[in-house]
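Q: Below: one structure in structure tokens.
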Amino acid sequence: MDLTLRVTDEAALKDFAEQRMRTEYEDDPDMLLDELSELRNGHIASLSIALEPEFLTSMIPGIQIIESECSITSENAEETILQVEPEPAAQPRQASDDASASTSNSPLSDMAALGAMVRIHALEQYTEEFEESDPEADDFSPNTLLTGALMWSYETLVDSLFEDISFQRNGGTAIEETLCLSQLPEAFQEHYTSGFTQRFLAITMDLGHSLVSGFSHPSCVAQELVLRLVFNRMELLEDLYTELELPDDWRSMLEDLMFEDTDHEFLYDPSMLGIGSDPKFAHMRVVNLDIADWFTPFADRTVNPYAHDALGTTD
1 MDLTLRVTDE
11 AALKDFAEQR
21 MRTEYEDDPD
31 MLLDELSELR
41 NGHIASLSIA
51 LEPEFLTSMI
61 PGIQIIESEC
71 SITSENAEET
81 ILQVEPEPAA
91 QPRQASDDAS
101 ASTSNSPLSD
111 MAALGAMVRI
121 HALEQYTEEF
131 EESDPEADDF
141 SPNTLLTGAL
151 MWSYETLVDS
161 LFEDISFQRN
171 GGTAIEETLC
181 LSQLPEAFQE
191 HYTSGFTQRF
201 LAITMDLGHS
211 LVSGFSHPSC
221 VAQELVLRLV
231 FNRMELLEDL
241 YTELELPDDW
251 RSMLEDLMFE
261 DTDHEFLYDP
271 SMLGIGSDPK
281 FAHMRVVNLD
291 IADWFTPFAD
301 RTVNPYAHDA
311 LGTTD
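Below you can see the structure in the form of structure tokens.
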């Protein structure tokens, strides 16, 4: 059966796909966070969820899928955008063993426990210096839910990076189908090889260590991008758990405290490509924005040797 479709309301389609994911993974918050993150990739991701064969046939009594294959192509492109290889349908996706084995009945309790491990020097200094003069400081000290949401989001990001690496090692090349790489600057997608992803994972693991040992600032541009992805996932957590009350403007506050600057945001602006090596922007003093320098440590910083060493680029 071939279907020719036109998406007439992307927002409605995304809402439908999101509600379906919330229903299917209500007992597996980690998987739900991954699926909601994938919906950021646009209407193709929403459409793939809405048209999943197992989901569609589950609403029809008296039939069972023996084999299924689904592919989505754009009318403006010759290549296949999304293709699900045939597989037996008798094996529906299950919640992860880790999630089902959880002994906690409250995700917020788990977050608070994680948050108690986090040490962010700038946040501690902020609350010490301004807790009396700045009324907003009370929202951040001691707020283990805020730091717990940060660590929870970090841990799910690590899981997703392992999935991206597995996807690439098994021949996957479509960056838009990945969970994490698809959220990195689009202009550099040709460089996001499995070797790159492995180096990016190494930098991500560095971040986790510094979050519990005492975080000051990101060690390199790649780690700035890691932290940006973590913040993106924190925003999804707010949508996932309505009872999770984070301070107002928590993202802008954490960005101010944890980033030394936001030059990495230029990487998401096509009009600013090449800014790092363009003489006319020399006065801005941006550094390491060329992709070859993303893993180069900032002054007085260190990065994981695997990420910094050129051998880490081997596919």
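Counting from 1, position 310 in the sequence shown corresponds to residue 310 in my numbering; the numbering is continuous, with no gaps. Idealized CB from N, CA, C, for every residue including glycine. Since the structure is predicted, the reported quantities are computational estimates derived from the model, not experimental observations.
1) Look at the alpha carbon of residue 148 and the alpha carbon of residue 21, and state the distance between them as a whole number of angstroms.
2) Can you give the Cα-Cα distance for residue 298 and residue 181, rounded to whole angstroms?
3) Closer than 6 angstroms by C-beta to residue 216: which residues in its own chain qualify, once you throw out the five before and the five after it? Chain order, please.
4) Under DSSP, the alpha helix (DSSP H) around residue 232 begins and ends at which residues?
5) If you follow the alpha helix (DSSP H) that residue 149 is in, where does it begin and where does it stop?
6) With a cut-off of 8 angstroms on the beta carbons, I'd call residue 206 and residue 219 a contact; round off their distance for me.
7) Buried or exposed for residue 125, going by 16 or more other Cβ atoms inside 10 Å?
8) Could you tell me which of 200, 241, 222 and 168 sits nearest to residue 259, measuring between CA atoms?
9) Would you report the Cα separation of residue 110 and residue 308, rounded to the nearest angstrom?
10) Closest by CA to residue 114, which one among 127, 156, 128 and 129?
11) How is residue 66 classed by DSSP in three states: helix, strand or coil?
12) Which two residues bound the contiguous alpha helix (DSSP H) that contains residue 107?
13) Name, in chain order, the residues that DSSP records as bridge partners for residue 215.
14) If you follow the alpha helix (DSSP H) that residue 258 is part of, which residue opens it and which one closes it?
15) On the criterion of 16 or more Cβ atoms from any shown chain inside 10 Å, does residue 196 qualify as buried, or is it exposed?
16) Which class does residue 13 belong to by DSSP, given the choice of helix, strand or coil?
17) Tell me whether residue 25 sits in a helix, a strand or coil according to DSSP, three-state version.
18) Mind checking if residue 265 is an interface residue toward chain C, Cβ cutoff 9 angstroms exclusive?
19) Taking DSSP as the reference, what is the three-state secondary structure of residue 6?
20) Hey, out of 4, 32, 46 and 33, whose CA is closest to residue 12's CA?
21) Could you check the C-alpha separation between residue 301 and residue 266 for me, to the nearest Å?
22) Measure the Cβ-Cβ separation of residue 201 and residue 158 and say whether it is below 9 angstroms.
23) Look at the Cβ atom of residue 176, then the Cβ atom of residue 44, and state whether they are nearer than 9 angstroms.
A: Put simply:
1) To locate residue 148, count along the sequence shown from 1; it is residue 148. To locate residue 21, count along the sequence shown from 1; it is residue 21. When the Cα atoms are used, residue 148 and residue 21 turn out to be separated by approximately 23 angstroms.
2) Position 298 of the sequence shown, counted from the start, is the residue given in the question as residue 298. Position 181 of the sequence shown, counted from the start, is the residue given in the question as residue 181. C-alpha of residue 298 to C-alpha of residue 181: approximately 23 angstroms in a straight line.
3) In the sequence shown, residue 216 corresponds to position 216, counting from 1. 121, listed in sequence order.
4) Here the question's residue 232 lines up with position 232 in the sequence shown. Counting along the chain, the alpha helix (DSSP H) containing residue 232 begins and ends at 221–240.
5) Residue 149 sits at position 149 when you count from the first residue of the sequence shown. DSSP places residue 149 inside the alpha helix (DSSP H), whose first and last residues are 144–169.
6) Translated into the one-based positions of the sequence shown, residue 206 becomes position 206. Translated into the one-based positions of the sequence shown, residue 219 becomes position 219. That belief holds up - the Cβ atoms of residue 206 and residue 219 are roughly 6 angstroms apart, short of 8 angstroms.
7) Here residue 125 refers to the residue found at position 125 when the sequence shown is read from its first residue. Counting every other CB atom within 10 Å of its CB across the protein chains shown gives residue 125 a total below 16, marking it as exposed.
8) To locate residue 259, count along the sequence shown from 1; it is residue 259. Answer by Cα proximity: 222.
9) Mapped onto the sequence shown, residue 110 falls at position 110. Mapped onto the sequence shown, residue 308 falls at position 308. C-alpha of residue 110 to C-alpha of residue 308: approximately 34 angstroms in a straight line.
10) Your numbering for residue 114 matches position 114 in the sequence shown. Of the residues 127, 156, 128 and 129, the one whose Cα lies closest to the Cα of residue 114 is 156.
11) Residue numbering aside, residue 66 sits at position 66 when the sequence shown is read from its first letter. Reduced to three states, the DSSP call for residue 66 is coil.
12) The residue given as residue 107 occupies position 107 in the sequence shown. That run of the alpha helix (DSSP H) goes 107–115.
13) For the purposes of this step, residue 215 is identified with residue 215 of the sequence shown, where counting begins at 1. Looking at the DSSP assignment, residue 215 forms a beta bridge with 120.
14) Here residue 258 is taken as the residue at index 258 of the sequence shown, counted from 1. Residues 250–258.
15) As a first step, residue 196 must be located in the sequence shown, where it is residue number 196. The C-beta of residue 196 has 16 or more other C-beta atoms within 10 Å across all chains shown, which makes the residue buried.
16) Walking along the sequence shown from the start, residue 13 turns up at place 13. DSSP places residue 13 in the helix class (H, G or I) of the three-state scheme.
17) Residue mapping note: residue 25 aligns to position 25 of the sequence shown, counting from 1. Here residue 25 sits in coil by DSSP.
18) The structure shown contains no chain C, having only a single protein chain.
19) Within the sequence shown, numbered from 1, the residue matching residue 6 stands at position 6. It is coil, neither helix nor strand.
20) The count along the sequence shown starts at 1 and reaches residue 12 at position 12. When only C-alpha atoms are compared, the closest one is 46.
21) Translated into the one-based positions of the sequence shown, residue 301 becomes position 301. Translated into the one-based positions of the sequence shown, residue 266 becomes position 266. Using only the alpha carbons, I get a separation of about 22 angstroms.
22) By 1-based counting over the sequence shown, the position of residue 201 is 201. By 1-based counting over the sequence shown, the position of residue 158 is 158. It is a contact, given that the beta carbons lie within the stated cut-off.
23) Locating residue 176 in the sequence shown gives position 176, where the first residue counts as 1. Locating residue 44 in the sequence shown gives position 44, where the first residue counts as 1. With respect to the 9 angstroms criterion, residue 176 and residue 44 are classified as neighbours on the basis of their beta carbons.
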